[in-house]
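Protein chains: 2
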Amino acid sequence: MAESSSALTEAVFYILLSLGQPLHGYGIMQRTEELSGGRVKLAAGTLYGALTTLQDKGWIEPAGGEGRRKSYRITPDGRAAARAELARLRELTHNGETIIGGWTE
Amino acid sequence: MAESSSALTEAVFYILLSLGQPLHGYGIMQRTEELSGGRVKLAAGTLYGALTTLQDKGWIEPAGGEGRRKSYRITPDGRAAARAELARLRELTHNGETIIGGWTE
DNA sequence: CTATATACATCGGAAACCGATATAACGAAA
DNA sequence: TTTCGTTATATCGGTTTCCGATGTATATAG
Numbered sequence: 229m230a231e232s233s234s235a236l237t238e239a240v241f242y243i244l245l246s247l248g249q250p251l252h253g254y255g256i257m258q259r260t261e262e263l264s265g266g267r268v269k270l271a272a273g274t275l276y277g278a279l280t281t282l283q284d285k286g287w288i289e290p291a292g293g294e295g296r297r298k299s300y301r302i303t304p305d306g307r308a309a310a311r312a313e314l315a316r317l318r319e320l321t322h323n324g325e326t327i328i329g330g331w332t333e
Numbered sequence: 229m230a231e232s233s234s235a236l237t238e239a240v241f242y243i244l245l246s247l248g249q250p251l252h253g254y255g256i257m258q259r260t261e262e263l264s265g266g267r268v269k270l271a272a273g274t275l276y277g278a279l280t281t282l283q284d285k286g287w288i289e290p291a292g293g294e295g296r297r298k299s300y301r302i303t304p305d306g307r308a309a310a311r312a313e314l315a316r317l318r319e320l321t322h323n324g325e326t327i328i329g330g331w332t333e
């Protein structure tokens with residue numbers, strides 16, 4: 229790939245989408261499954277690994293936590309990354325529609 | 229992720245889109261860059277690795293080759309995979325628009 | 001003749017995902 | 001009250017995929 233707006237993985241995109249409001253890890257799992265209509269189920273390893281990576285990137289940050297839960301919130305950089313990804317997805321979808329639309333039918 | 233329609237990488241999606249007509253490896257590189265408006269540039273390792281993987285999956289197949297070029301064509305399974313990916317992209321784009329559209333603004 | 005573009009291929013390293021495993025607290029049912 | 005399912009976080013090893021570098025070779029343009 230190697231380009232300006234590098235692709236986000238589906239897991240990361242849904243994690244960011246899930247954090248419109250502060251939410252804890254397990255809640256992100258559930259919200260992702262809900263948002264995707266049950267299609268995307270984050271594995272524990274994927275989620276908690278990504279939470280660390282995303283904090284290192286500054287796209288999410290801790291937002292306190294009640295009891296044993298650890299909540300996170302999305303940062304401005306995180307929102308920017310999600311918007312950039314949406315733009316990439318739109319372009320990709322558009323290209324796919326144009327080209328695949330011209331196949332046999 | 230772990231789901232019914234597993235995500236294709238951008239590299240693989242563009243390789244499939246490039247093969248509307250039989251084309252050789254290097255041509256796929258160029259066509260991908262062209263189709264993506266210069267944004268996606270396939271690294272050699274990515275391309276030739278993916279060509280092997282995609283043949284193993286039965287999504288592309290050899291289509292002869294003039295001289296030192298090796299051409300490939302997409303198979304019906306390959307087309308199905310591209311269409312499934314397009315559906316996934318549409319859903320993802322739609323979800324992204326809905327949710328991100330509700331942010332700050 | 002030499003540099004650039006074409007063309008294929010492999011290698012090692014880095015990400016990212018997954019499933020399994022571990023730990024632990026909670027609430028409900030038996 | 002004990003046991004089971006859910007909530008909740010975390011780590012580990014293995015697999016896949018990508019990337020950039022490197023290698024080889026031919027063709028073409030300057």
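Which chain is which? The protein sequence lines are A and B, in order. Converting from the first sequence to this note's numbering requires adding 228 to each position, the first position being numbered 1. Converting from the second sequence to this note's numbering requires adding 228 to each position, the first position being numbered 1. Ideal placement from N, C-alpha and C gives every residue a C-beta, glycine not left out. Computed from a prediction, not measured in an experiment: that's the story for all the values here.
| Item | Value |
| --- | --- |
| Nearest chain A C-beta to Arg318 of chain B closer than 8 Å, yes or no? | yes |
| Just checking: is the beta-carbon of Thr303 of chain B within a distance shorter than 8 Å of some beta-carbon in chain A? | no |
| Compute the Euclidean distance between the alpha carbons of Leu191 of chain A and Ala271 of chain B, then round it to the nearest angstrom. | Here chain A has residues from 229 to 333 only, and residue 191 of chain A is not among them. |
| Between Tyr276 of chain A and Glu238 of chain A, what straight-line distance do the alpha-carbon atoms span, to the nearest angstrom? | 15 Å |
| If you draw a straight line from the alpha carbon of Thr321 of chain B to that of Ala308 of chain B, how long is it in whole angstroms? | 20 Å |
| Report the three-state DSSP secondary structure of Ser264 of chain B (helix, strand or coil). | coil |
| Residues in the same chain with beta-carbon distance under 8 Å from Trp287 of chain A, minus the five sequence neighbours each way, listed in chain order, please. | Leu244, Ile302, Thr303, Asp305, Gly306, Ala309 |
| Exposed or buried, which one is Gly324 of chain A when buried takes at least 16 other CB atoms within 10 Å? | buried |
| Going along the chain, which residues of the region 248-268 of chain B sit with their C-beta nearer than 8 Å to a C-beta in chain A? | Gly248, Leu263, Ser264, Gly265, Arg267, Val268 |
| Given this structure, state the Cα-to-Cα distance separating Met257 of chain B from Gly293 of chain A, to the nearest angstrom. | 48 Å |
| At a CB distance below 7 Å, what residues from the region 281-294 of chain B approach chain A? Give them in sequence order. | none |
| Quick one: which chain A residues come within Cβ less than 7 Å of Ile243 of chain B? | Going along chain A, no residue has its Cβ under 7 Å from Ile243 of chain B, so there is no contact; the nearest lies around 12 Å. |
| Nearest to Gly273 of chain B by CA position, among B:Leu263, B:Val240, B:Leu251, is which residue? | B:Val240 |
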